[in-house]
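The structure appears below as structure tokens.
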Amino acid sequence: MILSLMFMQSMAQTSKQLPDVGMKTLDGEAISSAEWQNDGKPIIISFWATWCKPCVLELVTIQDQYEDWIKETGVKLIAVSIDDARNSSKVKPFVSGRGWEYEVYLDENQDFKRAMGVNNVPHTFLLNSSKEIVWDHNSYSPGDEEVLYEKVLELVD
Amino acid sequence: MIKTASAVLVFFGFAAAQAQEIDPGTINGNFQFDVQNYFEDSLIGAPEFPSRVGSNGFLYLTYARGNFQSGVRFESYMPALQGFLREKGAGLAHRFAQYETKNLDIRVGNFYEQFGSGMVLRSYEEYGLGFDNSLDGARLRLRPLPGIEVTGLIGRQRNAFTFQLANMSEGIVRGIDADFELNELLPGMDSMRTRYRIGGSFVSRFQTDNDPILILPENVANYGVRFAISGGKFSLNGEAVHKINDPSTVNALIYKPGNGVLLQATYSGKGLGVSFSAKRIDNMDYRSERAATFNNLNLNFLPPSTKQHTYRLMTLFPYATQTNGEMGFQTEIIYRIPKETKLGGKYGTNISLNFSHVRALDKIVSADPDMGYEADFFAWGNRTFFQDINAEIGRKFSDRFKGSVTYMNVVYDKSLFTQLTGFSSTTTVHSHVGVVEGIFKLKKKQTLRAEIQHAYTKQEFGSWAMLMLEYTIAPHWFVAAFDEYNYGNANPDKRLQYFTGQIGYTQGQYRMTFGYGKQRAGVLCVGGVCRFVPAANGFGFSIQGSF
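In structure tokens form, the structure reads like this:
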């Protein structure tokens, strides 16, 4: 099985495109992941939920440095919330109340989460200028954002 | 399972390789495997586990090429971890094929779906709870014009605690939902900042009536209408649903129709967010089989209007919507004291306040015994099911130290969960819970996180204290240990400590953890669904990843 997995991985790495999946904006309007743009600059996708402490810690930590990141690399962070009907309408006040400047979308039915092979939140992906997934990381510990930013810098150099 | 998995993986690989000359398509997948051994521990009440070791696992694979997508999921329970299903085996639990364009989406096989807020229909999965009520059949989604989406579906439902495809609900589910973005549809509205949406859904379940005495409805309809207005900082949305008479095991075979109302309003300003929601649920349990109970074969989801806590001692008091009837509201305020101010400090301070209150309906026994009860729509019942007042203040003090303080005052009607937990107690528990958390950055990628928690209560199990320490070396390692101590138990023999130690390694999208722990019996809730977790003592290993 491990051999098969390695085989699979080598197969998959050649064409790791961002899947095209429908989600909702914070105002409830339909949007597809294919519409995401950042003028050829890198995009970070962070899967999170309002109740997930490490997710919020990751997004709070990055927010402190986000302005500098944008200035230096033009990177954009897209935060995809997997909150269900219990919390999905609270996501918008949650984000604005904390003063986050990210683009935030709702993946209430978790279709995008499944398409991206995400087991648990937080899970963070980095896309290059062609919107190919070049790096991803499961879970968050303080300091992980430094590694992420090193990867962003590698893309723009 | 491993053999079958390898065979299919290789098959997928060959299929992709052979097609490489043209467009090979994309293969994605993820997996998780959890194994745990169990020592019998009469002190904490951990029962003997006959096979001594249990394991849950799955492997999910999708193949996408152009507009086409297909996927399979294998699941394995050898036997299932304690608290999950009691069967053992492995097999194909989910498979689908899908064709999707901008205007058309056809899917056959298994699928997940939610109409509106979920009160009419929601099928979804929650691996950590062993919960999966996917539908197996066909779904068609049409987007004939921008701003219109119509979904139709038919299928039978997977029983959460079985995994074979053959083990599906006896009931057949049919449903249709329509969603309209009015700004796209009506002239002159497309440039308006305020966005208006309306929608409606209708679901019907068919199950034959074989009851020798009762005449039961074979087709049970559940339908609803909804609206959403969102403009700049304000939003308002609501849904009202109605279910025809549906005598079931859960509602004790009454013929009363059910209904539910949910209203939510929010304000989202820079540095200040406010949300308010109110809800009334009356006899809205809806399943694909009338005799189903616990977490089995739920066809809808009634969102709990309470905050979802994750601090360990706050999860002593989980709440899930009482499907037979409740009224409640919740309000939450999130405020950020700006940085570089006297109160906010150098980096700013985050404050969140939450108040949730849930009561019984004001039920009186109906003159017609078939109807069970009557309840005035606007009257609060006398019994408080749940109340939670909590506040959290978090602040970054320096580049090296962040901290937060959380307080929760909870009123908890334990008897609501006797069916789930087996607790015989009918007490209402009053508790104060406090948590102090500190995050110390030792070096650039090394962090120590500590939590001190305390739950004070005179009822039920008495007071608890807990200490947690977690040391991480980004981006790969973590070591964590925590000890929960039930020092306030009225019974001195039950003043026990529950120690857990864990070590974990993360490499990109792969993660492994290994640990030993004594786990207290309790209710584990994820996303508003709760499962009873028995006491356990043993070693555990978990691996997960995606590719």
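Residue numbers (my numbering), protein chains in the order written: chain P, 1 to 157; chain F, 1001 to 1547.
Idealized CB from N, CA, C, for every residue including glycine.
Cβ-based burial, residue i [other Cβ within 10 Å; buried from 16]
i: P:D144; result: buried
i: F:T1349; result: buried
i: P:S139; result: buried
i: P:P122; result: buried
i: P:E154; result: exposed
i: F:K1003; result: Its pLDDT being 48, under 50, F:K1003 is placed unreliably in this model, and the value from its coordinates should be taken loosely. F:K1003 should be labelled exposed.
i: F:T1406; result: buried
i: F:F1294; result: exposed
i: F:N1283; result: buried
i: P:L26; result: buried
i: P:Y105; result: buried
Neighbouring residues, chain P, relative to residue i (Cβ below 7 Å)
i: F:F1180; result: None at all; the shortest Cβ gap to chain P is about 11 Å.
i: F:R1359; result: The premise fails here: F:R1359 is roughly 18 Å from chain P at the closest Cβ pair, so nothing lies under 7 Å.
i: F:F1478; result: S141
i: F:F1301; result: A85
i: F:A1064; result: P19
i: F:S1230; result: D27 and G28
Cβ shell of residue i (< 6 Å), same chain only, five flanking positions each side left out
i: F:L1236; result: I1229 and A1265
i: F:H1432; result: N1409 and Y1456
i: F:P1534; result: Q1082, G1083 and A1521
i: F:I1334; result: G1273 and S1352
i: F:N1537; result: F1039, D1041, A1046 and K1518
i: F:G1231; result: R1193 and T1194
i: F:V1241; result: M1119, V1120, G1224 and G1260
i: F:R1143; result: N1103 and E1149
i: F:G1547; result: Here residue 1547 of chain F turns out to be Phe, not Gly, going by the sequence shown. The answer, listed in chain order, is G1029.
i: F:K1402; result: K1396 and I1439
Identity of the residues DSSP links to residue i by a beta bridge
i: F:Y1267; result: F:F1234 and F:V1274
i: F:Y1127; result: Paired residues: none, contrary to the question.
i: P:T25; result: P:Y105
i: F:Q1519; result: F:A1536
i: P:W36; result: Answer by DSSP bridge pairing: none, since P:W36 is not bridged.
i: F:R1226; result: F:G1199 and F:E1239
i: F:H1430; result: F:V1411
i: F:Q1507; result: F:Y1510
Spatial neighbours of residue i in its chain, beta-carbon cut-off 7 Å, leaving aside the 5 residues before and after
i: F:T1421; result: Note that F:T1421 scores a pLDDT of 47, beneath 50, so its modelled location is shaky and nothing firm can be said.
i: F:G1381; result: R1359, A1360, L1361, D1362 and K1363
i: F:E1170; result: Q1207 and E1289
i: P:K90; result: T50
i: F:G1137; result: L1153, I1154, G1155 and R1156
i: P:Y149; result: W69
Residue-level contact to chain A via CB, residue i, 8 Å cutoff
i: P:A79; result: Annotation note: the requested chain A is absent from the structure, which comprises protein chains P and F.
Within chain F, partners of residue i - CB distance below 7 Å
i: P:E29; result: E1181 and R1195
i: P:E174; result: Residue coverage of chain P in this structure runs from 1 to 157, which leaves residue 174 of chain P outside it and unanswerable.
i: P:P93; result: T1266, Y1267, S1268, G1273, V1274, S1275 and I1334
i: P:S96; result: S1268, G1269, K1270 and G1273
i: P:G99; result: K1270, G1271 and R1336
Selected residue, minimal CA-CA separation from residue i, among the options
i: F:E1326; options: F:Y1407, F:S1398 and F:T1306; result: F:T1306
i: F:V1108; options: F:R1139, F:E1125, F:H1094 and F:P1257; result: F:R1139
i: F:G1199; options: F:I1215, F:N1210, F:Q1114 and F:N1167; result: F:Q1114
i: F:P1247; options: F:S1275, F:G1271, F:F1234 and F:P1217; result: F:P1217
i: P:V95; options: F:K1102, F:S1275, F:G1344 and F:D1483; result: F:S1275
i: F:Q1032; options: P:V118, P:Q63 and P:G99; result: P:V118
i: F:L1442; options: F:I1473, F:V1429, F:S1134 and F:R1287; result: F:I1473
i: F:Y1099; options: F:G1128, F:A1093, F:L1214 and F:Y1063; result: F:Y1063
i: P:E108; options: F:N1110, F:S1123 and F:D1105; result: F:S1123
i: F:N1183; options: P:V21, P:E29, P:K16 and P:T25; result: P:E29
i: F:T1151; options: F:A1391, F:D1105, F:E1125 and F:S1191; result: F:D1105
Partner residues on chain P for residue i, Cβ-Cβ distance less than 8 Å
i: F:I1452; result: Simply none; closest approach about 15 Å.
i: F:A1474; result: S141, P142, G143, D144, E146 and V147
i: F:Y1124; result: D84, N109 and Q110
i: F:G1118; result: D84 and A85
Contact set between residue i and chain P, taken where Cβ atoms lie within less than 9 Å
i: F:N1237; result: G28 and S89
i: F:A1447; result: According to the sequence as given, residue 1447 of chain F is Thr; it is not Ala. Ordered by position in chain P, the residues that pass the 9 Å Cβ test against F:T1447 are S141, P142 and G143.
i: F:P1304; result: R86
Chain-ordered chain F contacts of residue i [CB-CB under 8 Å]
i: P:D68; result: Within chain F, no residue comes near P:D68; the closest Cβ sits about 14 Å away, beyond 8 Å.
i: P:D64; result: Y1347 and K1396
i: P:W36; result: By Cβ distance, chain F contributes nothing, its closest Cβ being about 16 Å from P:W36, past 8 Å.
i: P:N138; result: T1506, G1508, Q1509, Y1510, R1511, Q1544, G1545 and S1546
i: P:W48; result: Simply none; closest approach about 13 Å.
Own chain, CB closer than 8 Å to residue i, minus 5 neighbours either side, in chain order
i: P:K41; result: T73, G74, V75, K76, S129 and V156
Under 9 Å by beta carbon: chain F residues contacting residue i
i: P:K53; result: T1310, Y1311 and E1437
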